[in-house]
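These notes concern the structure reproduced below.
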Amino acid sequence: MPAREPDVALLTHYRRDLHRIPEVGFDLPQTISYVRQVLEGLVDDAAGHGGKLRIGSPSKSCVCALFDAGSAYATAVRADMDALPVAERSGVSFASEHAGRMHACGHDGHMALALGLANWLALHPDRMSRSVLLVFEPAEETTGGARGVIESGVLARCGVDRIFGFHLWPDLPKGSIASRPGALLAASNEVNIEIAGRASHIAKAELGADALEAAARVLLASYDYVRKLQKTKPCLLKFGRMQAGRVRNQIAAASRLEGSLRSFSETVRDRSED
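If you read the sequence shown in this note's numbering, its first letter stands for residue 45, the second for the next number, and so on.
Here you go:
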């Protein structure tokens, strides 16, 4: 498809196409094919307007597009590609065609915006004061596809000295963009805690080691610790799942807590691991 001025209709077209084909982690063959097809369709338009567009895959399942203005430095714009392993029940005409997978975190919209920007850059190389690198990132929701992109050296090779990311936010008024000085979105870490105890009948509780009680104490102590930490380091820790025991009249021999830590600081993450 030749380049065109990006508008709501074009972005909606991209977003709905991508919403139909959600894929997870690094396993993104249809998504990668779609993104590359759109980008490759812009190469001739970019050249015809005096620009230069190069497309590559610097790391596993990553797609990059460099709109080369010949500058020493470049601005990168990042869009994540992966979906979530959840079933869609929206009933919309463009619902997921892949059972058990859905673009429920806006990544279809992020890609649509980046592809819209690609159209504009292909048509207006004369408006570019520096090169622009579009980075389509895999595995943002799972194992961290960004690490592979960084370690590939593509950012350094392209002279990237600034990078912009964005996230759809339905609570904002239509047509508005929100930002703020400093950190805006926290890093997320999964927290899993396993506790080993010893089973016994509750009538002889003194012979057991109660893993369920231990989990409850760990949960409350963790919340108290984070509340104190929040006074100097913005962070959030919450557990959403606790598992323990098999029957009501037996001391639990094992327990497990699963939660999420959100923070802006590597120090907080390191302390939490300790």
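Backbone N, C-alpha and C fix where the C-beta goes; we use that ideal spot for every residue, glycine too.
Find the nearest neighbour of residue i within the set the options, judged by alpha-carbon distance.
i: ARG59; options: PHE70, ALA156 and LEU177; result: ALA156
i: ALA288; options: PRO73, ALA258, LEU264 and PHE308; result: ALA258
i: GLU84; options: PRO214, ARG174 and ASN163; result: ASN163
i: VAL87; options: LEU251, GLU234, ARG300 and ALA166; result: ALA166
i: MET146; options: ARG133, HIS154, ALA158 and SER137; result: ARG133
i: ARG300; options: LEU280, LEU263 and TYR269; result: LEU263
i: ASP170; options: THR56, PHE208 and ASP112; result: ASP112
i: LEU305; options: GLU238, GLY252, GLY94 and ALA230; result: ALA230
i: LEU273; options: SER309, PHE208 and ALA47; result: SER309
i: MET172; options: LEU216, ALA240, LEU110 and MET125; result: LEU110
i: SER105; options: LEU97, SER115 and ARG80; result: ARG80
i: ASP124; options: GLU185, GLU195, ALA296 and ALA90; result: GLU185
i: GLY100; options: VAL291, VAL193 and GLU238; result: VAL193
i: GLY95; options: GLU250, HIS168 and LEU280; result: HIS168
i: THR75; options: ASP89, ARG292 and GLU141; result: GLU141
i: ASP152; options: PRO102, LEU216, ILE65 and ILE295; result: ILE65
i: VAL121; options: SER115, PHE138, PHE180 and ALA91; result: PHE180
i: GLY226; options: PRO214, SER266 and PRO278; result: PRO278
i: SER137; options: PRO50, ASP61, ASP268 and ARG271; result: ASP61
i: GLY160; options: VAL270, ILE295, ALA47 and ASN293; result: ALA47
i: GLY150; options: PHE210, ALA249 and LEU228; result: PHE210
Along the chain, where does the alpha helix (DSSP H) that runs through residue i open and close?
i: ALA156; result: 151-167
i: ILE194; result: 189-195
i: ARG201; result: 198-201
With H, G and I counted as helix, E and B as strand and the rest as coil, what does DSSP make of residue i?
i: ARG133; result: coil
i: LEU54; result: helix
i: ASP112; result: coil
i: VAL68; result: coil
i: ARG145; result: coil
i: ASP126; result: coil
i: ILE237; result: strand
i: ILE76; result: helix
i: ASP215; result: coil
i: ARG224; result: coil
i: HIS63; result: helix
i: ARG315; result: helix
i: ARG171; result: helix
Please name the residue or residues paired with residue i in a DSSP beta bridge.
i: ASP88; result: In DSSP, ASP88 forms no bridge with anything.
i: VAL204; result: ALA118
i: GLY100; result: CYS108
i: SER232; result: ARG306
What are the start and end residues of the beta strand (DSSP E) that includes residue i?
i: GLU181; result: 175-181
Taking 7 Å as the threshold (beta carbon to beta carbon), is residue i in contact with chain D?
i: ALA127; result: Looking at the structure shown, chain D is missing, and only one protein chain is on hand.
Curious, which full-length alpha helix (DSSP H) runs of at least 4 residues does the segment 239-312 contain? 255-273
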